[in-house]
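*Asks:* If you read the sequences in order, they're chains C and D.
The first sequence lines up with residues -8 to 100 when you count with the working numbering.
The second sequence lines up with residues -8 to 100 when you count with the working numbering.
Protein chains: 2
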Amino acid sequence: MGLTKTENFTSEQNDLAALAKALGHPARIAIIQQLLKSNTCICGDLVNEIALAQPTISRHLKELKSVGIIKGTIEGTSVNYCIDGQKWRVVQALFNGLFDTYVLDQDCC
Amino acid sequence: MGLTKTENFTSEQNDLAALAKALGHPARIAIIQQLLKSNTCICGDLVNEIALAQPTISRHLKELKSVGIIKGTIEGTSVNYCIDGQKWRVVQALFNGLFDTYVLDQDCC
DNA sequence: TACATTTATCGCTATATTGCTATAAACAAA
DNA sequence: TTTGTTTATAGCAATATAGCGATAAATGTA
């Protein structure tokens, strides 16, 4: 039905999946890379960097914002976006939690 | 159009996004956690662990397999699935590459 | 051969996602 | 006030995803 049965999973599983999903588009990866690269917060010149229409970029920004990875503050007519450092560390911790479960060379098939 | 414009992005961005997308569902997170937990490869008792119908689990397995995170070998009537260790390290490296770009406390908005 | 077990696939429905154009909203400057 | 700049939203079309039941395919066992 295109509808995920979130109630069947733990909140950690749902959180991690939601974050992964937010990272699951090359445009959003590109946005995050830009925000990480430029220490100073970037606004809508992402539109110049990424070959997508302005409303499309805006949509992707909204999605990243909705999971808390980025935040934006209004600065005159434009909006300054940046990585939310606190959340970013949570993201790292969640992914590393998954990665670290792997025992070296447990391949068996 | 529901169609990602992959040609606008680098192959690294597309790869990372594809992997993140594959992890972007709680059932697939649950599957990976199970595979990581049980050193020995698990087959379709994932169906007993996860509250989804067998065809749905099979679909999710197929998706994880298509990006190379897991692999399966036929063992009699059943199929042994497990994490592909080599690929898993690549996944880690790609995500860490993104994470490591973050300079501590660069929050600015 | 016939039957059971296990997994994959088909076919369907409902919903989500991606992209665009057009337009609105918010603000600064003339 | 009017104009320009910037970002967000509305609305649409095309495609993708998630879920299921039914069924096929593959193999082991009686």
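Glycine included, each C-beta is placed from N, C-alpha and C at the ideal position.
Model, not experiment: these values are computed from the prediction.
#1: Touching or not, the stretch 31 to 44 of chain C and the stretch -2 to 16 of chain C, by the rule of three or more beta carbon pairs under 8 Å?
#2: Pick helix, strand or coil for residue -4 of chain D, following the three-state DSSP scheme.
#3: I'd like to know whether the C-beta atoms of residue 19 of chain D and residue 54 of chain D end up nearer to each other than 8 Å.
#4: Does DSSP put residue 76 of chain D in a helix, a strand or coil?
#5: Taking only beta-carbon positions, decide if residue 4 of chain D is within less than 8 Å of chain C.
#6: Identify, in the order they occur along the chain, each residue of the same chain with its Cβ nearer than 6 Å to the Cβ of residue 5 of chain D, setting aside the five sequence neighbours on each side.
#7: Pick out whichever of D/27, D/73, D/86, D/17 has its Cα sitting closest to the Cα of residue 43 of chain D.
#8: Roughly how many angstroms lie between the CA atoms of residue 28 of chain D and residue 70 of chain C, to the nearest whole one?
#9: Taking Cβ-Cβ distances below 8 Å as the criterion, which residues of the stretch 15 to 36 of chain D are in contact with chain C?
#10: Under the rule that 16 or more other beta-carbon atoms within 10 Å means buried, what is residue 65 of chain D, buried or exposed?
#11: My output table needs one value for residue 70 of chain C: the three-state DSSP class, helix, strand or coil.
*Replies:* According to the structure shown:
#1: no
#2: coil
#3: yes
#4: helix
#5: yes
#6: -3
#7: D/17
#8: 44 Å
#9: 15, 16, 17, 18, 19, 20, 21, 23, 24, 27, 28, 30, 31, 32
#10: exposed
#11: strand
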